[in-house]
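Quick mapping for you: the protein sequence lines, in order, are chains A and B.
Mapping of the first sequence onto our numbering: position 146 corresponds to residue 146, and the numbering continues sequentially without gaps.
Mapping of the second sequence onto our numbering: position 150 corresponds to residue 546, and the numbering continues sequentially without gaps.
Don't be surprised by glycine CBs; every beta carbon is placed ideally from N, CA and C.
Data block below; observations after.
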Amino acid sequence: MITSTCKNLTFETIEPWAGLKRAVELGQAGIIREVTDSGIKGRGGAGFPTGVKWNLCAAAKDPLKYIICNADEGEPGTFKDRVILTDFADLVFEGMIIAAMAINAPEGILYLRGEYTYLREGLEAQLLALRVNKKLGKNACGLEGFDFNIQIRMGSGAYVCGEETALIESLEGHRGEPRNRPPYPVNTGFDGHPTAVNNVESLAWISCILSKGSSWFSQHGTEKSTGLKLFSVSGDCDNPGVYELPLGITVAELLVEVGGSNAKAVQIGGASGCCVPAAEFDRKIAYEDIPTGGSVIVFGPGRDMLDVAQNFLEFMVEESCGQCTPCRYGNPTLLEGVQMLREGKCSAAYLNELVSLGGTIQIASKCGLGQSSANAFLSIVEHFKEELMGRTVGTV
Amino acid sequence: MNLMTQQERLRGELEELVERLGTERNALMPILQEVQRKYYRIDDYSIQVIADLLDIHPVEVHAVVSFYSFLDFKPKGRFVIRLCRTLCCDMAGKDRVARQLCNDLGIQFGETTPDGKFTLEYANCIGMCDQGPAMLVNDHVYTRVTPEMVNKIIESCRQVFGLHATQQPMEHKS
């Protein structure tokens, strides 16, 4: 009943555990080289090169290291990780084992968002099977001296915990408030130990990269954004669901694929992403142009963009951890501004002030959530001023 | 004969829980999640006992409970209904589902029915954006909810009471 539409995914064609087998042959340095060569960047949205992350973590000197799978998928419009964890969880666990070999970590944690509690039972069963098959445990995968275990820990309904340092805070039993970086988790992570935090999708791709080779992966996409990516598509289109597409695809091409060509705008990257108007549909979805964790929300011709701005701001006001002022006070002020626009009571001068406040939130907030919390509002104001200003109550 | 007070019994249960999950600070979230699941709330007394067992100040525990939207000081209903209010579900018509939920339960969002059976809340994006409007009833997810379905879902929850069943509603076939 809850299955999302998804067709022709590479994940379906991957031979189970072939990636792991190759990883065993390659050894620690070989795995990191293969991952680095593939050019894969974090699929959660921040886009940090996975190979670099692992290299830093592998270099850290500490007998206790952690590999954490970030399954706190909370970005509005994203659901690809749910699909992966439902249908391809073994690829994720395989990716975690490969990561553990690469950085030499004895402990793995899957941090699953509280909203996905219904996935836990199935995942625990799969982990149990892996322990029985000796893929996990002492001398895991038949490798002398390689001890690795994975446990599942649950979130409790906080969007900000998808930010890696907030996630670690939460695991440590604290409020999910992001930390200052540096130090980075690769040096000082969970309980002070070096920790690599990777997105669910990144880890699944790692298994594919090891299985099919780095050049297979990097032949897709652009030079700076290699590889394939899963997109969660929703909103006003004929075929919402999960799509596997190469990075570098234009918004227009994606819309053809999903049956949303008459869209007036598309939100790429969820509440923290940006709103792309029809005039800019030739832009590329890639780290160098429009970066994204995969959330694509299509707005048909009839949508009121002020509703969109309001919904996203309400989301940010609710989910801000409240730790730093620009995000805590700035977003409610923007939301009040939206209300003024709705009532047709916002002067052009005040709207400019709101835009400037948005800029302040972007540069003065501590974490990724804060820095990107005003993005949706700002891009909607930039592109849809005509629609927002001079409203008479009750219109639109 | 010594009668055990309710607090003494609760303390015993919490001690067992902490023994099972650990006295390290990093065991706090699993402990609180379990307390919430079992008692539908995390009250002041539990906070004090957990703080003592973990050897931290109770305000540390309080701060954590207040941060997470799935942890609560106030008692929640046996069934917590969380309707997604984020954009895609909103665009798919969550307002009408919300209205019907209020009508059928006789409460507003943020409230619990007087019989303690249902709590009605909004949730932020629950990852069902392609199948909205969506909602969680405890750990069970319902997608493409229509106002008409609301009553059936609530009734399937009600059937659980009186049986020795768990707190999971029956699978709803749409």
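{"Asked": "Closer than 8 Å, Cβ to any Cβ of chain B: which residues of the stretch 78 to 92 of chain A, in chain order?", "Found": "Thr78, Phe79, Asp81, Arg82"}
{"Asked": "Report all residues from its chain with a CB closer than 8 Å to the CB of B/Phe351; omit the five preceding and five following residues, and keep chain order.", "Found": "In the structure as shown, chain B begins at 397 and stops at 570. Residue 351 of chain B is therefore absent and cannot be evaluated."}
{"Asked": "For A/Gly22, count neighbouring C-beta atoms within 10 Å of its own C-beta (all shown protein chains included) and say buried if the count is 16 or more, exposed if not.", "Found": "The sequence given here has Arg at residue 22 of chain A, not Gly. Result: buried."}
{"Asked": "Against chain A, does B/Thr482 count as a neighbour if the rule is that its beta carbon must be under 8 Å from one of theirs?", "Found": "yes"}
{"Asked": "Name the chain B residues that come within less than 7 Å of A/Asp191, Cβ to Cβ?", "Found": "Asn422"}
{"Asked": "Select from A/Gly39, A/Ala140, A/Cys161 the residue whose C-alpha is nearest the C-alpha of A/Asp214.", "Found": "Sequence inspection shows Ser at residue 214 of chain A; the Asp mentioned does not correspond to that position. For A/Ser214, the nearest C-alpha among the options comes from A/Gly39."}
{"Asked": "Which term fits B/Ala561, buried or exposed, when burial requires 16 or more other beta carbons within 10 angstroms of its beta carbon?", "Found": "Any reading at B/Ala561 must be qualified, since the residue scores a pLDDT of 47, below 50, and its modelled position is unreliable; no value is offered."}
{"Asked": "Check whether the stretch 291 to 305 of chain A and the stretch 233 to 244 of chain A touch, using three or more Cβ-Cβ pairs below 8 Å as the test.", "Found": "yes"}
{"Asked": "Go ahead and pull the three-state DSSP assignment for A/Met389.", "Found": "coil"}
{"Asked": "I'd like to check one pair, A/Cys275 with A/Ala376: are the Cβ atoms closer than 8 Å?", "Found": "yes"}
{"Asked": "Which residue or residues does DSSP assign as beta-bridge partners of A/Asn199?", "Found": "A/Asn70"}
{"Asked": "By DSSP, does B/Val556 sit in helix, in strand, or in coil?", "Found": "coil"}
{"Asked": "Under 6 Å Cβ to Cβ from B/Val457, same chain only, skipping five residues before and after it: list those, please.", "Found": "Ile443, Ile446, Ala447"}
{"Asked": "Compare the C-alpha of A/Leu20 against each of A/Thr188, A/Arg82, A/Leu136 and name the closest.", "Found": "A/Leu136"}
{"Asked": "Taking Cβ positions only, does A/Glu257 come closer than 8 Å to chain B?", "Found": "no"}
{"Asked": "Touching or not, the stretch 92 to 99 of chain A and the stretch 205 to 212 of chain A, by the rule of three or more beta carbon pairs under 8 Å?", "Found": "yes"}
{"Asked": "Determine the burial state of A/His383: buried for a count of at least 16 other Cβ atoms within 10 Å of its Cβ, exposed for fewer.", "Found": "buried"}
{"Asked": "Assuming A/Lys224 and A/Tyr287 are in contact, meaning their beta carbons sit under 8 Å apart, how far apart are those beta carbons, in whole angstroms?", "Found": "6 Å"}
{"Asked": "B/Asp404 to B/Cys521, Cα distance in whole Å?", "Found": "It should be pointed out that residue 404 of chain B corresponds to Glu in this sequence rather than to Asp. Each residue's alpha carbon lies about 40 Å from the other."}
{"Asked": "In the DSSP output, which residue or residues are listed as bridge partners for A/Gln151?", "Found": "A/Ile109"}
{"Asked": "Would you say A/Ala158 faces chain B, with C-beta separation under 8 Å as the test?", "Found": "yes"}
{"Asked": "Which residues does DSSP list as the beta-bridge partners of B/Arg478?", "Found": "B/Glu517, B/Leu532"}
{"Asked": "Tell me which residue opens and which closes the alpha helix (DSSP H) that B/Tyr441 is part of.", "Found": "440 to 450"}
{"Asked": "Tell me the DSSP bridge mates of A/Ala265?", "Found": "A/Pro277, A/Phe299"}
{"Asked": "For B/Val460, return the contacting residues in chain A, with the cut-off set at a CB-CB distance below 8 Å.", "Found": "Gly173, His174, Arg175"}
{"Asked": "Do A/Asn306 and A/Leu341 have their C-beta atoms within less than 8 Å of each other?", "Found": "Just to set this straight, residue 306 of chain A is Leu in the shown sequence, not Asn. Against a cut-off of 8 Å, the Cβ pair of A/Leu341 and A/Leu306 comes out as a contact."}
{"Asked": "With DSSP collapsed to three states, give me the class of A/Gly137.", "Found": "strand"}
{"Asked": "Should the stretch 82 to 91 of chain A be regarded as contacting the stretch 1 to 17 of chain A, the criterion being three or more beta carbon pairs within less than 8 Å?", "Found": "yes"}
{"Asked": "Suppose you measure from the CA of A/Gly114 to the CA of A/Tyr159; what does that come to, to the nearest Å?", "Found": "10 Å"}
{"Asked": "Is A/Ser272 near A/Ser372, with beta carbons less than 8 Å apart?", "Found": "yes"}
{"Asked": "So what does DSSP say about A/Leu254, is it helix, strand or coil?", "Found": "helix"}
{"Asked": "Can you tell me whether A/Glu121 is buried or exposed? The criterion is at least 16 other CB atoms within 10 Å of its CB, across all chains shown.", "Found": "exposed"}
{"Asked": "Check whether the Cβ of A/Glu144 lies closer than 8 Å to any Cβ atom in chain B.", "Found": "no"}
{"Asked": "Which partner residues of A/Ser214 appear in the DSSP bridge assignment?", "Found": "In DSSP, A/Ser214 forms no bridge with anything."}
{"Asked": "Name the residue from A/Gly227, A/Lys80, A/Ile150 whose alpha carbon lies nearest to the alpha carbon of B/Met524.", "Found": "A/Lys80"}
{"Asked": "Could you tell me which whole beta strand (DSSP E) segments of length 3 or greater appear in the stretch 313 to 377 of chain A?", "Found": "none"}
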